[in-house]
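Shown next, in structure tokens, is the structure this report addresses.
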Amino acid sequence: MPVQKERADNGYIGRFAPSPSGDLHFGSLIAALGSYLQARAQGGKWLVRIEDIDPPREVAGAASRILSTLERYGLYWDGDVLYQSQRHDAYREAIAQLKQQESCYYCTCTRSRIQLLGGVYDGHCRLLQLGPEHAAIRLKQNHPIVEFTDGLQGLLPANPALAKEDFIILRRDGLFAYNLAVVVDDHFQGVTEIVRGADLIEPTVRQIALYRALNAAEPHYIHLPLALNNDGNKLSKQNHAPPLPHDDPRPVLIQALHFLGQSLPLDIKDASLEQLIIWAISHWSLGDIPKRLQISPLKNAI
Ligand SMILES: [Zn+2]
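Following our numbering, the numbering of the sequence shown begins with 865 at its first residue and continues without gaps.
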């Protein structure tokens, strides 16, 4: 897989990769802030990538609102924003490599057939040598990854059936699958550590399997606890999490730092936005983040 030439001086490259399916909310701020502080505290780079590979799920204007919200919260990124909608050639190239290695295959199984199997694909089309017509492409899982070491949570075992499943890398409708795009782009951008929410733990073993299939080294992973609302549900666009407020960003940033277990001085509320960010970078303590996958209910939820 190709790699962008530019590298951070000290080698660390982190990133925040939102999909433009809605505005940023408190849950996405945790992922943005956590990845930003982890990168900046080490003098590394922090990149932003807009994951616009699923047009039907996109909301008009969301990508530019996400970027202006990051700026309003003092989270400035390095270099140009990468848009996945501009990266189709790279995804095709990765699929071509996997085809050449015979590490993937066409599958025409319907969703209802897989539902009848209990939801996990059984490799039915692996040896059928099907053509591309009305077919998805699946990765042949010759060496499935069943666990990984998370930089915060420790050793995380995966659901064995899901970890071993030949998963989809190109959808039947022609759209590239999330796991393929994220691996190709993180590799291209030279990302050394991925800091994101615990809702993305499940696909991690699949992504590591893809790195290995593409003969690339996987990055380190850190999964931050998920922010839940007072009903115990994950804060998400689907659950109608409120967008981040448009006025003073400091109280919300302070809440986010509390959520991440960082102990703040009492007078931090008098700091300017710039001072607050500088303080958070210089006092960033990964070890103080709660080693939990969810935190519920979110105190003082916005
Ligand atoms: Zn099939």
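Positions of the beta carbon are idealized from the N, C-alpha and C atoms, including for glycine.
Note that the structure is a prediction, hence the values are computed from the model and not measured.
Buried or exposed for Gln-1119, please, with buried defined as at least 16 other CB atoms from any protein chain shown within 10 angstroms of its CB.
-> buried
Looking only at its own chain, which residues have a Cβ that is under 8 Å from the Cβ of Ala-1041, when we skip the five neighbours before and after it?
-> Phe-1031, Ile-1032, Ile-1033, Leu-1034, Arg-1035
So, Asp-916 versus Gln-964, is the Cβ gap smaller than 7 Å?
-> no
Should Val-1069 and Ile-1009 be called a contact, given that it needs their Cβ atoms to be closer than 7 Å?
-> yes
Reducing DSSP to helix, strand and coil, say where Phe-880 ends up.
-> strand
Can you check the segment 907-979 for any beta strand (DSSP E) of at least 3 residues that lies completely inside it and give the ranges in chain order?
-> 909-914, 968-971
Can you tell which of Glu-922, Glu-1138, Gln-1005, Gly-907 has its C-alpha closest to the C-alpha of Cys-968?
-> Gln-1005
By Cβ distance below 8 Å, which residues in the same chain neighbour Ala-1045 in space, the five residues on each side in sequence not counted?
-> Glu-915, Ile-917, Gln-948, Arg-951, Tyr-955
Burial state of Val-867, where buried means 16 or more other Cβ atoms lie within 10 Å | exposed
Val-1059 bridges to which residues according to DSSP?
-> Ile-1086
Counting Cβ pairs, one atom from each stretch, are 3 or more of them under 8 Å apart for the segment 1126-1144 and the segment 1093-1106?
-> no
With Glu-1011 as the anchor, note down where its alpha helix (DSSP H) starts and where it stops.
-> Element bounds for Glu-1011: not the alpha helix (DSSP H) but the beta strand (DSSP E), 1011-1014.
Consider the C-beta atom of His-988 and the heavy atoms of ligand 1; say whether any pair is separated by less than 6 Å.
-> yes
Which residues in the same chain have their Cβ closer than 8 Å to the Cβ of Leu-1157, if we skip the five residues on either side of it in sequence?
-> Gln-1017, Ala-1062, Ile-1065, His-1087, Pro-1089, Leu-1090
Limits of the alpha helix (DSSP H) - the one that Ile-1072 falls within | 1068-1077
Of all the options Ala-1000, Leu-1108, Ala-1144, Trp-1143, which has the alpha carbon lying nearest to the alpha carbon of Leu-893?
-> Leu-1108
On the DSSP bridge assignment, give the partners of Leu-1019 in chain order.
-> Thr-1013
Taking buried to mean at least 16 other C-beta atoms within 10 Å of its own C-beta, is Gln-993 buried or exposed?
-> exposed
Thinking C-beta only, is Glu-1057 closer than 7 Å to Gly-943?
-> no
Cys-968 Cβ short of 6 Å to ligand 1 heavy atom set | no
Distance between Asp-1111 and Ser-932 (C-alpha atoms, nearest Å) | 13 Å
Is Val-1047 closer than 7 Å to Tyr-1075 when the C-beta atoms are compared?
-> yes
Compute the Euclidean distance between the alpha carbons of Ser-928 and Arg-1060, then round it to the nearest angstrom.
-> 21 Å
Between the CA atoms of Pro-1067 and Lys-1028 - distance to the nearest angstrom | 12 Å
Compare the Cα-Cα distances from Ala-999 to each of Arg-975, Gly-982, Val-984, Phe-1012 and report the closest residue.
-> Arg-975
State the Cα-Cα distance for the pair Leu-981 and Arg-1002, rounded to the nearest angstrom.
-> 17 Å
What three-state label does DSSP hand Leu-901 in the structure shown?
-> helix
DSSP state of Leu-1124 mapped onto helix, strand, coil | coil
Tell me whether the beta-carbon of Arg-904 lies closer than 7 Å to the beta-carbon of Ile-1145.
-> yes
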